[in-house]
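Line by line, the protein sequences give chains A and B. No gaps in the numbering here: position 396 of the first sequence is 577 in this note's numbering, and each next residue is one more. No gaps in the numbering here: position 138 of the second sequence is 140 in this note's numbering, and each next residue is one more. Don't be surprised by glycine CBs; every beta carbon is placed ideally from N, CA and C.
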Amino acid sequence: MAVIGVSTTHNSHPANVIYTKNHLRYPVKTYAVNPKGGLLNREPLYRQVEDIEGDVDMAVIAVRAQFVPGVVEQCIKKGVKGAVIISGGFSESGNHELQKKVTDIAEEADFPFVGPNCLGIYAPDVVDTFFLPGERIVRPKKGNIGFVSQSGGVLVDQMVKFAGQGIGISLGVSIGNKAVLREIDMIDWFENDLETRVIAFYVEGFARREGREFIRRAERCTKPIVVLKAGKSPKGMAAVSSHTASLAGDYRVFSEVMKQFCVAEAYNEYELTTFCEALSCYSKGIRGNVGIVSLSGGHGVLAADACSAHGINLPQITAQTIGKIRENLSMEIRQIASLTNPMDLTGSCVDGDIEISVRHLARDENIDCILTLLLPYSPGISADIGAKLSQVARNEGKPLIAYVPHEDKYKIIIEGFELNNIPVASSVEGAVLMAKALKRCRPC
Amino acid sequence: MLSESDRRIIEASKIRGWVLEPQAKHIMAGQGFDIPNFVLTDSIEIAGKFLRNAPGPVVAKAVSEKILHKTEFAAVVTGISDEKSLEREMIRLKALEGCEQVLVEEMVKGLEIIIGAKNDFQFGPVVVLGLGGTSVEIYKDTAIRMAPVKSADVVSMVDSLKAKRLFRGYRRAPGVNMAVLGHLVAKFSSLIMDLEENFQSIDLNPVICTQDRCVIADARIMLVKGS
């Protein structure tokens with residue numbers, strides 16, 4: 182990788198940050214480029230990218246905007262395979278001509294680049310073109326979410342949220358002004374990327390008719406897609422002359438079309454994080470008929486309220502299912518457990534009671550997803566409950582979602598689920614949102 | 003597909019920016035859509051004869067290049083059942099600005115819905131379905147889909163409305179014929195794909211739906227400006 186625009190005088194220049202962190206901490210061979218040449222921290226500074234002896238897979242361009250066209254031409258001549266253009270000063274500041282010039286040069290030579298005006302890409306353990314000092318950012322582990330953001334700031338912030346929930350990413354891309362590589366290209370790229378199971382986008386807006394193309398590719402894509410749209414409020418909509426134009430504002434159209442084609446639209450960052458976690462475990466949608474197993478009546482009611490608010494249905498459990506569960510419950514709770522939906526097994530239940538309930542709910546044809554609200558304070562719950570329930574869910578083949586308070590002391594339970602690919606929410610509403618994610622992605 | 007005469011209407015209307023109601027209905031009728039029997043005239047005698055032969059009350063509307071939103075000018079009169087009132091209203095309507103002819107048509111009773119189209123910047127033509135009438139913008143109970151849609155999609159559109167029970171039949175009011183509605187919306191969604199280069203938005207409002215028919219009682223086509 183070549184980093185073009187490294188400064189000989191300012192160590193905190195974006196190019197220097199990028200060069201230093203990749204050179205020292207990532208397995209990529211990194212070359213620094215500056216027309217002055219010489220040495221930088223005892224490593225050679227190349228005068229131009231063409232002087233680099235070896236092949237260059239990617240160039241990170243962080244020179245001033247007016248020099249970018251020339252640098253791109255040099256990269257093409259050298260045979261560089263693609264670039265990340267960090268530099269700002271293009272369309273975002275009204276400089277459309279300059280952006281078009283760079284785009285034309287690149288497209289003519291079939292030279293893909295990300296940006297300009299972006300942070301570029303972050304691939305855990307491989308490469309990181311963010312010009313943010315490594316010690317300042319929170320990096321999620323390697324995982325299976327591909328995240329594409331028009332805003333670099335949102336990408337970095339979302340990475341913090343992913344890391345906080347223990348969600349890993351396969352690749353994070355800040356596409357900035359998206360002059361060449363755009364959301365629609367990223368769908369195709371992630372579709373073919375074996376590491377990625379969920380594709381998530383932060384979108385500010387599409388170009389003319391680009392939304393239609395996005396949908397066309399999303400329809401072909403076999404992986405679930407999550408979208409967070411910014412700019413939901415109408416910006417002083419001009420007086421419109423027809424009812425339809427006033428009813429179908431830009432955001433409403435966006436939102437309804439995403440729903441029509443089963444792209445899961447997250448309403449905020451919290452939903453985005455939760456949707457990604459749920460869909461990375463289950464890529465198949467549900468109709469939205471959920472059965473709830475709780476250890477406390479209150480949690481069951483809270484979950485039922487959240488289900489109602491999010492359009493999730495709590496169907497009746499069949500008499501046959503209730504009968505099977507009741508006869509297998511431990512003696513302590515057989516008479517006191519409430520076997521409606523949501524089910525309340527009470528604080529006196531033991532692991533086996535929850536296993537029985539989840540197993541038979543999974544076999545109930547009215548139910549297509551199970552939420553289990555686990556309160557690890559209950560004395561009858563063991564540290565193995567996560568692993569045990571995961572096994573039940575796997576055998577029965579229906580999606581299971583767990584709520585466990587995210588405290589360090591319950592980590593063993595959470596890991597029991599997560600290592601078995603069962604999503605765990607840190608709040609009751611989060612668990613319901615995970616079910617909502619699956620409902621949003623139901624196959625049309 | 004659009005006929006030659008439809009294309010001529012659209013080209014000729016571009017200066018105005020929108021298509022007059024009788025011409026918009028002509029385009030809809032050309033698609034095989036149901037529009038009420040009508041007469042377009044400035045003659046009180048002809049209008050009177052139409053009323054005598056009509057099975058029930060009629061509606062009279064001013065047709066004017068100057069009037070886009072007819073209710074704002076009181077340019078629509080519904081429920082006219084005797085010749086005296088018809089004559090009085092005809093005289094009043096003809097006095098409105100730019101009104102040369104009056105559209106007198108049979109009045110259909112049923113559930114008033116809106117079927118609309120918008121040429122969206124990001125997604126192209128989208129179709130809108132909801133409860134209609136003059137208060138659509140108050141309730142904003144609509145479903146939106148990217149065109150074209152299939153008639154099966156129309157069922158899911160109706161199901162997503164708060165007013166779905168009115169479509170299915172509520173209390174003693176009969177519901178809407180979903181097969182007819184599905185066919186109409188699906189075909190309308192193909193029409194707007196054909197019109198993609200020309201239109202900005204379309205209101206079919208109200209479309210009056212009964213157990214047998216979906217009748218387009220008013221149609222407004224807003225065209226792309228300046229092309």
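So which residues of chain A does residue i contact, with C-beta pairs closer than 8 Å?
| i | result |
| --- | --- |
| Arg147(B) | Glu437, Val438, Gln441 |
| Thr43(B) | Chain A residues near Thr43(B): none, gap ~27 Å exceeds 8 Å. |
| Val130(B) | Thr425, Leu428, Ala429 |
What separation, rounded to the nearest whole angstrom, lies between the Cα atoms of residue i and residue j?
| i | j | result |
| --- | --- | --- |
| Lys259(A) | Val230(A) | 7 Å |
| Gly412(A) | Pro195(A) | 29 Å |
| Phe343(A) | Ser330(A) | 14 Å |
| Val337(A) | Ile318(A) | 7 Å |
| Val41(B) | Ala64(B) | 12 Å |
| Ser559(A) | Ile350(A) | 34 Å |
| Glu400(A) | Thr527(A) | 44 Å |
| Arg390(A) | Asp532(A) | 54 Å |
| Val573(A) | Lys590(A) | 24 Å |
| Arg94(B) | Glu47(B) | 16 Å |
| Asp366(A) | Lys217(A) | 37 Å |
| Leu483(A) | Leu614(A) | 13 Å |
| Asn129(A) | Pro127(B) | One cannot answer for residue 129(A) here, as it falls past the ends of chain A, which runs 182 to 625. |
| Gly417(A) | Glu108(B) | Only weak support is given to the placement of Gly417(A): the predicted model assigns it a pLDDT of 48, under 50, and the value that follows is read from those uncertain coordinates. Approximately 40 Å, taken between the alpha carbons. |
| Leu70(B) | Ile286(A) | 49 Å |
| Glu199(B) | Phe123(B) | 12 Å |
| Arg215(B) | Lys68(B) | 31 Å |
| Val474(A) | Met524(A) | 5 Å |
| Asp517(A) | Ser571(A) | Position check: residue 517(A) holds Ile in this sequence, whereas Asp was assumed. Between Ile517(A) and Ser571(A), the C-alpha separation is close to 26 Å. |
| Leu88(B) | Phe75(B) | 18 Å |
| Gly19(B) | Phe201(B) | 9 Å |
| Ala568(A) | Cys462(A) | 15 Å |
| Asn470(A) | Thr553(A) | 14 Å |
| Gln441(A) | Ala154(B) | 12 Å |
| Pro176(B) | Phe169(B) | 8 Å |
| Val265(A) | Ile242(A) | 6 Å |
| Leu375(A) | Val187(B) | 41 Å |
| Leu226(A) | Val434(A) | 51 Å |
When you compare the CB positions of residue i and residue j, do they come within less than 8 Å of one another, or not?
| i | j | result |
| --- | --- | --- |
| Ala459(A) | Pro321(A) | no |
| Val187(A) | Asn197(A) | yes |
| Ala213(A) | Val184(A) | yes |
| Leu208(B) | Gly134(B) | Just to set this straight, residue 208(B) is Pro in the shown sequence, not Leu. Cβ distance < 8 Å, so Pro208(B) and Gly134(B) count as in contact. |
| Gly466(A) | Lys620(A) | yes |
| Leu197(B) | Ala221(B) | no |
| Ser191(B) | Pro150(B) | yes |
| Ile595(A) | Ile566(A) | no |
| Gly132(B) | Ala145(B) | yes |
| Leu53(B) | Glu85(B) | yes |
| Ile503(A) | Val438(A) | no |
| Pro405(A) | Ala445(A) | yes |
| Tyr207(A) | Val308(A) | yes |
| Lys617(A) | His491(A) | yes |
| Val21(B) | Ile223(B) | yes |
| Ile498(A) | Asp545(A) | yes |
| Ile11(B) | His28(B) | yes |
| Glu114(B) | Ile210(B) | yes |
| Leu428(A) | Lys142(B) | yes |
| Lys72(B) | Val79(B) | no |
In chain A, which residues lie with their C-beta within 9 Å of the C-beta of residue i?
| i | result |
| --- | --- |
| Gln124(B) | Gly386, Phe387, Ala388, Arg389, Arg390, Glu391, Gly392, Arg393, Phe395, Asp431, Val434, Phe435, Val438 |
Assuming residue i contacts residue j under a Cβ cut-off of 8 Å, what Cβ separation, rounded to an integer in Å, is found between them?
| i | j | result |
| --- | --- | --- |
| Gly184(B) | Val157(B) | 7 Å |
| Phe294(A) | Leu362(A) | 7 Å |
| Leu105(B) | Ser66(B) | Not a contact, Cβ separation roughly 11 Å. |
| Ile267(A) | Cys299(A) | 7 Å |
| Val249(A) | Ile302(A) | Their Cβ separation, rounded to whole angstroms, is 18 Å, which puts Val249(A) and Ile302(A) out of contact at 8 Å. |
| Gly472(A) | Asn522(A) | 6 Å |
| Ala219(B) | Val110(B) | 7 Å |
Anything in chain A within Cβ reach of residue i, meaning under 7 Å, just list it in chain order.
| i | result |
| --- | --- |
| Thr144(B) | Leu428 |
Which bits of chain B does residue i rub up against, with CB to CB less than 7 Å?
| i | result |
| --- | --- |
| His424(A) | Ile116, Gly118, Val138, Glu139, Asp205, Asn207 |
Against chain A: residues of the segment 106-122 of chain B by CB proximity under 7 Å = Answer in chain order: Ile116, Gly118, Ala119, Lys120, Asp122.
Could you run through the segment 368-398 of chain A and flag, in chain order, every residue whose CB is less than 9 Å away from some CB of chain B?
-> Listed by position along the chain: Gly386, Phe387, Ala388, Arg389, Arg390, Glu391, Gly392, Arg393, Phe395, Ile396.
Of all the residues that make up the segment 188-212 of chain B, which are near chain A by a beta-carbon distance shorter than 8 Å?
-> Of all residues in the segment 188-212 of chain B, only Gln202, Ser203, Ile204, Asp205, Asn207 place a beta-carbon less than 8 Å from a beta-carbon of chain A.
What residues from the segment 482-502 of chain A come within 7 Å of chain B, judged by C-beta to C-beta, listed N to C?
-> Listed by position, the residues of the segment 482-502 of chain A near chain B (Cβ gap below 7 Å) amount to none.
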